[in-house]
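Novice:
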Amino acid sequence: MACGEYGEGKMSDPSVIAEEVDKYFLTQKNNKKFKALVTAGPTNEYIDPVRFITNKSSGKQGYELAKSLSKKGFDTTLISGPTNLEITKDINLIKVETADEMLVATQENLPVDVAIFSAAVADFKINKKYENKIKKQENLNLNLEKNVDILHYVSNHNSMRPELVIGFAAETNQIDKNAEEKLNKKSCDWIISNDVSNKDIGFNSDYNEVTIHYKNKDIKKEKLSYKKKSGISDEIVDRIIDQLN
Ligand code: PMT
56 MACGEYGEGK MSDPSVIAEE VDKYFLTQKN NKKFKALVTA GPTNEYIDPV RFITNKSSGK
116 QGYELAKSLS KKGFDTTLIS GPTNLEITKD INLIKVETAD EMLVATQENL PVDVAIFSAA
176 VADFKINKKY ENKIKKQENL NLNLEKNVDI LHYVSNHNSM RPELVIGFAA ETNQIDKNAE
236 EKLNKKSCDW IISNDVSNKD IGFNSDYNEV TIHYKNKDIK KEKLSYKKKS GISDEIVDRI
296 IDQLN
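Using my numbering, read the sequence shown as starting at 56 and increasing by one per residue.
1) From the DSSP output, in three-state form, read off I230 for me.
2) Looking only at DSSP bridge pairs, what is A95 linked to?
3) Considering only their Cβ atoms, is the gap separating I247 from I267 smaller than 8 Å?
4) Would DSSP call D293 helix, strand or coil?
5) Grouping DSSP H, G and I as helix and E and B as strand, with all else coil, what is A57?
6) How is N239 classed by DSSP in three states: helix, strand or coil?
7) In terms of residue numbering, what span does the alpha helix (DSSP H) encompassing T161 cover?
8) Taking the alpha helix (DSSP H) that F80 belongs to, which residues open and close that run?
9) When we look at the beta-carbon of F80 and count the other beta-carbons within 10 Å, is it buried (16 or more) or exposed?
10) Say the cut is 7 Å; is the CB of K282 nearer than that to a heavy atom of ligand 1?
11) From the DSSP secondary-structure annotation, give me the bridge partner or partners of E141.
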């Protein structure tokens, strides 16, 4: 070596070198790395200091997406609701609990080139959270208020809108129809639908099978077949890189 060190050496595999070169050139513009933001996991909406309403999400799909983006060279921020998962240090992890906190963290981390909303955000919060633990009683009426739709907010944000805004749709029936409705209603560029009634995929599973619904492409939808959530994420990120170049 130039530094004077000697001994047996081995060049990295050419495919690894090619991948690194691709990663360098395909995930930057004007010498700046592409920036990505991912939301993941559920949110907790407190009723009183000890009880909350939540959604059924482990965060696995979102964490895998953040890992795939970072692996490909994106400067990645992961905004996560409560999960038991860990993430590598190269990813900027912001932990939140409620939908309001997820919204603020998202606003604080724009602008980005691509934003992916895989979180299962609770649609409602308690209109007025009880300050003390509610005593046991026969009936309890809760007054619920709609949470801000973070995906819709970002898609319609004129000055800070990412070039690519991607939402997810967790569906149990009429999956294509519901996903396409969400694509239009939320003004995003892609909606990725998954069938959460199938116990082998979706919530908490390590596996998934998804369909990407595109707004402005010749092909309207594309199915990514059953595989690990890490593999699904790699395939999604390859398509994101194509779209941004
Ligand atoms: O976390 P896992 O166990 O791995 O499971 C993965 C998953 C099933 C949670 C994930 O793949 C998925 O489908 N995430 C979206 C779940 C969902 O709640 O979708 P939705 O149909 O309610 O919402 C549609 C889109 O709007 C989503 O991108 C959601 O993040 C977004 N949204 C919804 C409400 C809200 N207040 N703000 C939002 O940003």
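Just so it is clear, CB atoms sit at the ideal spot from N, CA and C, and this is done for glycine as well. All values derive from a computational prediction rather than experimental measurement.
Specialist: Quick look at the numbers:
1) In the sequence shown, residue 230 corresponds to position 175, counting from 1. DSSP places I230 in helix when its eight states are reduced to three.
2) Residue numbering aside, residue 95 sits at position 40 when the sequence shown is read from its first letter. For A95, DSSP records a beta bridge to S135.
3) Counting from one through the sequence shown, the residue named residue 267 turns up at place 212. Counting from one through the sequence shown, the residue named residue 247 turns up at place 192. Taking 8 Å as the Cβ cut-off, I267 and I247 qualify as a contacting pair.
4) By one-based count along the sequence shown, residue 293 stands at place 238. Three-state DSSP puts D293 in a helix.
5) Along the sequence shown, one-based indexing puts residue 57 at 2. Three-state DSSP puts A57 in coil, outside helix and strand.
6) As a first step, residue 239 must be located in the sequence shown, where it is residue number 184. Three-state DSSP puts N239 in a helix.
7) In the sequence shown, residue 161 corresponds to position 106, counting from 1. Residues 154-163.
8) Within the sequence shown, the letter at position 25 stands for residue 80. For F80, the enclosing alpha helix (DSSP H) stretches over residues 69-81.
9) For the purposes of this step, residue 80 is identified with residue 25 of the sequence shown, where counting begins at 1. The residue is exposed, with fewer than 16 neighbouring Cβ atoms inside 10 Å.
10) The residue labelled residue 282 in the question sits at position 227 within the sequence shown. Because no heavy atom of ligand 1 lies under 7 Å away, the Cβ of K282 does not count as near it: no.
11) For the purposes of this step, residue 141 is identified with residue 86 of the sequence shown, where counting begins at 1. As DSSP reads the structure, E141 sits in no beta bridge.
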